[in-house]
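In terms of UniProt numbering, the sequence shown is numbered consecutively and its last residue is 325.
Don't be surprised by glycine CBs; every beta carbon is placed ideally from N, CA and C.
Small disclaimer: the values here were computed from a predicted structure and weren't measured.
In what follows, a single structure is set out as structure tokens and then discussed.
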Amino acid sequence: MHIPILRYSGKKKPSTAAIPHLGFAQTIDSPTMQNISRLILRCRLRSLGPIGSTTPQSLVYARTRTAFFSSSALLQSGHNRWSKIRHDKGRNDANKGIEFARLSHEIRTAVKVGGGSGPDNLRLSTALVAAKKAGMSKDKMEAAVKRGQGVSASGAALESVQIECMGPGSVAMIIECQTDNKLGCLADIKVILRKNGATVTPTSYLFARRGIIRLSTGDNSYDTLLESGLEIDGTEDINEIEPEEEGSKVEVEVTTDPAKTVAVANGLKSRLSGVEILKSSIGWVPNEETLVSVDDDEKASEGLIKLINTLEEMSDVSEVYTNIK
Numbered sequence: 001m002h003i004p005i006l007r008y009s010g011k012k013k014p015s016t017a018a019i020p021h022l023g024f025a026q027t028i029d030s031p032t033m034q035n036i037s038r039l040i041l042r043c044r045l046r047s048l049g050p051i052g053s054t055t056p057q058s059l060v061y062a063r064t065r066t067a068f069f070s071s072s073a074l075l076q077s078g079h080n081r082w083s084k085i086r087h088d089k090g091r092n093d094a095n096k097g098i099e100f101a102r103l104s105h106e107i108r109t110a111v112k113v114g115g116g117s118g119p120d121n122l123r124l125s126t127a128l129v130a131a132k133k134a135g136m137s138k139d140k141m142e143a144a145v146k147r148g149q150g151v152s153a154s155g156a157a158l159e160s161v162q163i164e165c166m167g168p169g170s171v172a173m174i175i176e177c178q179t180d181n182k183l184g185c186l187a188d189i190k191v192i193l194r195k196n197g198a199t200v201t202p203t204s205y206l207f208a209r210r211g212i213i214r215l216s217t218g219d220n221s222y223d224t225l226l227e228s229g230l231e232i233d234g235t236e237d238i239n240e241i242e243p244e245e246e247g248s249k250v251e252v253e254v255t256t257d258p259a260k261t262v263a264v265a266n267g268l269k270s271r272l273s274g275v276e277i278l279k280s281s282i283g284w285v286p287n288e289e290t291l292v293s294v295d296d297d298e299k300a301s302e303g304l305i306k307l308i309n310t311l312e313e314m315s316d317v318s319e320v321y322t323n324i325k
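Here is the structure:
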């Protein structure tokens, strides 16, 4: 599939809200119509009972610049399914470098989300125990903690670097880094991209900047969280995500207006007891109309797995975003 080359003109457009199961997008020009669309969705949810797997995949994973509310149940499609395939392959290959990179990323995230490295940060404690069990050295664990605090192992402040490229299978990518050596980081990543068939080129116009909240629901049902989440100003998308680790609890990903991410996270915690925020950040979400599938291209899929795993082994790389369907 070729990626449609879409360019956002910057002109203000009428907001739209896709109403699941109806098969069309209703143009909404007023707060009143937005309230009507939310009411229709809630009525649909109540009349359907437990939400099954009949929701069209294209609607489940629609990502727009305006409000969109998913009514999906457990998702193993889109980027989450492909991420799980990549994780399983890395585990089967017994690649210690990939495992250490994943653990380092979890430690950094735990420090950022938990607000420090004190004993009250349960997620960080869990990540450090897992890293120690996997054989990660104390120096590497300490370096990951410092990066979560925004400094390098030497104590130097980290600088943000973003690289945009097109990878194997015409998959658009955005690579975000935190480094104390900007030129060296850029040079190293460009070498990796060149060796793995990727080309540096603008791709951010294929994505939208969004707030991303990953959370565990505790004893709350997905339907309860969905209904409460829709009532919070700034919520754009709610999906139930199958975890990458087998046996782990199902998690929920909430996409928000970037300026209201913290407010949405706090709103969910105050409305629902037992909800735990696992991750809260501002990131890139691919526009639905630009999603690309590599399911039928084994060469491209293998090339992407190798490229992304290699990038994530770099200590400077903090996130890799793609528009994989």
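Exercise. Between Asp316 and chain C, is there a C-beta pair that is closer than 8 Å?
Worked result: Protein chains in the displayed structure number just one, and chain C is not present.
Exercise. What span of residues does the alpha helix (DSSP H) with Tyr222 cover, start to end?
Worked result: Your numbering for residue 222 matches position 222 in the sequence shown. 222–230 is the span of the alpha helix (DSSP H), which, as asked, contains Tyr222.
Problem set entry | Three or more C-beta pairs below 8 Å linking the stretch 273–286 and the stretch 203–218 | Yes, since at least three Cβ pairs between the stretch 273–286 and the stretch 203–218 fall closer than 8 Å, the two stretches touch.
Problem set entry | Cβ pair Val254, Ile282 closer than 8 Å | The residue you call residue 254 lines up with position 254 of the sequence shown. The residue you call residue 282 lines up with position 282 of the sequence shown. The answer is no: Cβ separation not under 8 Å.
Exercise. Does DSSP classify Glu99 as helix, strand or coil?
Worked result: To locate residue 99, count along the sequence shown from 1; it is residue 99. Glu99: helix per DSSP, three-state reduction.
Problem set entry | Proximity to Arg108 [Cα-Cα], best of Gly167, Ser137, Gly135, Gln178 | Residue 108 sits at position 108 when you count from the first residue of the sequence shown. Ranking the options by Cα distance to Arg108, first place goes to Gln178.
Problem set entry | N-terminal and C-terminal residue of the beta strand (DSSP E) that Asp237 is part of | Working through the sequence shown from its first residue, we reach residue 237 at position 237. Counted as a single uninterrupted DSSP element, the beta strand (DSSP E) harbouring Asp237 occupies residues 235–241.
Problem set entry | Limits of the alpha helix (DSSP H) - the one that Glu302 falls within | Here residue 302 is taken as the residue at index 302 of the sequence shown, counted from 1. Here the alpha helix (DSSP H) through Glu302 covers 298–312.
For this session: Kindly indicate which residue of Leu103, Asp223, Asn287 has the alpha-carbon position closest to the one of Gly135.
Result: Locating residue 135 in the sequence shown gives position 135, counting from the first residue. The shortest C-alpha separation from Gly135 is found at Leu103.
Exercise. Just the Cα atoms here: how many angstroms apart are Ile324 and Val264?
Worked result: Within the sequence shown, numbered from 1, the residue matching residue 324 stands at position 324. Within the sequence shown, numbered from 1, the residue matching residue 264 stands at position 264. So the alpha carbons of these two residues sit roughly 27 Å apart.
Problem set entry | Alpha carbon of Leu272 to alpha carbon of Leu304, nearest angstrom | Here the question's residue 272 lines up with position 272 in the sequence shown. Here the question's residue 304 lines up with position 304 in the sequence shown. In a straight line, the C-alpha of Leu272 is about 39 Å away from that of Leu304.
Problem set entry | Entirely enclosed alpha helix (DSSP H) segments - the stretch 126–173, minimum 4 residues | If we require 4 residues or more, the alpha helix (DSSP H) runs fully inside the stretch 126–173 come out as 138–148.
Exercise. Should Ala172 and Thr199 be called a contact, given that it needs their Cβ atoms to be closer than 8 Å?
Worked result: Your numbering for residue 172 matches position 172 in the sequence shown. Your numbering for residue 199 matches position 199 in the sequence shown. No. Outside cutoff.
Exercise. How would you write the range of the alpha helix (DSSP H) that Val262 sits in, first residue to last?
Worked result: Residue mapping note: residue 262 aligns to position 262 of the sequence shown, counting from 1. Start and end: 261–271.
Problem set entry | Cβ-based neighbour list, Gly97, same chain, cut-off 7 Å, excluding 5 preceding and 5 following | Taking the first residue of the sequence shown as 1, we reach residue 97 at position 97. Annotation for Gly97: Glu313 place their beta carbon closer than 7 Å to its own, counting only its chain and skipping 5 residues before and after.
Problem set entry | Enclosing alpha helix (DSSP H) for Gly184 [first to last residue] | Here residue 184 corresponds to residue number 184 of the sequence shown, with the count starting at 1. Element bounds for Gly184: 182–195.
Problem set entry | Stretch pair the stretch 314–323 + the stretch 285–298: three plus CB contacts closer than 8 Å | Because the criterion of three Cβ pairs below 8 Å is met, the stretch 314–323 and the stretch 285–298 touch.
For this session: May I ask you to report which of helix, strand or coil DSSP gives Ala208?
Result: Start at 1 with the first residue of the sequence shown, and residue 208 comes out as number 208. Looking at Ala208 - three-state DSSP - the assignment turns out to be strand.
Problem set entry | Sheet register partners of Ser281 (DSSP bridge) | The sequence position of residue 281 within the sequence shown is 281, counting from 1. Paired residues: Ile212.
Exercise. Between Cys43 and Glu227, what straight-line distance do the alpha-carbon atoms span, to the nearest angstrom?
Worked result: The residue you call residue 43 lines up with position 43 of the sequence shown. The residue you call residue 227 lines up with position 227 of the sequence shown. In this prediction, Cys43 has a pLDDT of 43, which is less than 50 and means its spatial position is unreliable; nothing more can be read from the coordinates.
For this session: Express the C-alpha separation of Cys165 and Asp296 in angstroms, rounding to a whole number.
Result: In the sequence shown, the residue the question calls residue 296 occupies position 296. In the sequence shown, the residue the question calls residue 165 occupies position 165. If I take the Cα positions, the gap works out to 22 Å.
For this session: In the DSSP assignment, find the unbroken beta strand (DSSP E) run with Glu289 in it and report its ends.
Result: For this step, residue 289 is matched to residue 289 along the sequence shown. Unbroken run through Glu289: none, as it is neither H nor E.
Problem set entry | Exposed unless 16 or more other CB atoms sit within 10 angstroms - verdict on Ala156 | What you label residue 156 is simply residue 156 of the sequence shown in a count that begins at 1. Burial state of Ala156 is exposed, judged by a 10 Å Cβ sphere holding fewer than 16 other Cβ atoms.
For this session: Name, in chain order, the residues that DSSP records as bridge partners for Leu107.
Result: Within the sequence shown, numbered from 1, the residue matching residue 107 stands at position 107. Per the sequence shown, residue 107 should be read as Ile rather than Leu. Paired residue(s): none; Ile107 is not in a bridge.
For this session: May I have the straight-line CA-CA distance separating Gly234 from Thr261, to the nearest angstrom?
Result: Reading the sequence shown from its first residue, position 234 is the one you call residue 234. Reading the sequence shown from its first residue, position 261 is the one you call residue 261. Going by the C-alpha atoms only, they are around 7 Å apart.
Exercise. Which same chain residues, not among the five before or five after Gly229, have their C-beta less than 7 Å away from its C-beta?
Worked result: Taking the first residue of the sequence shown as 1, we reach residue 229 at position 229. Once the five neighbours on either side are set aside, the close Cβ partners of Gly229 are Thr235, Ile238, Val254, Leu268.
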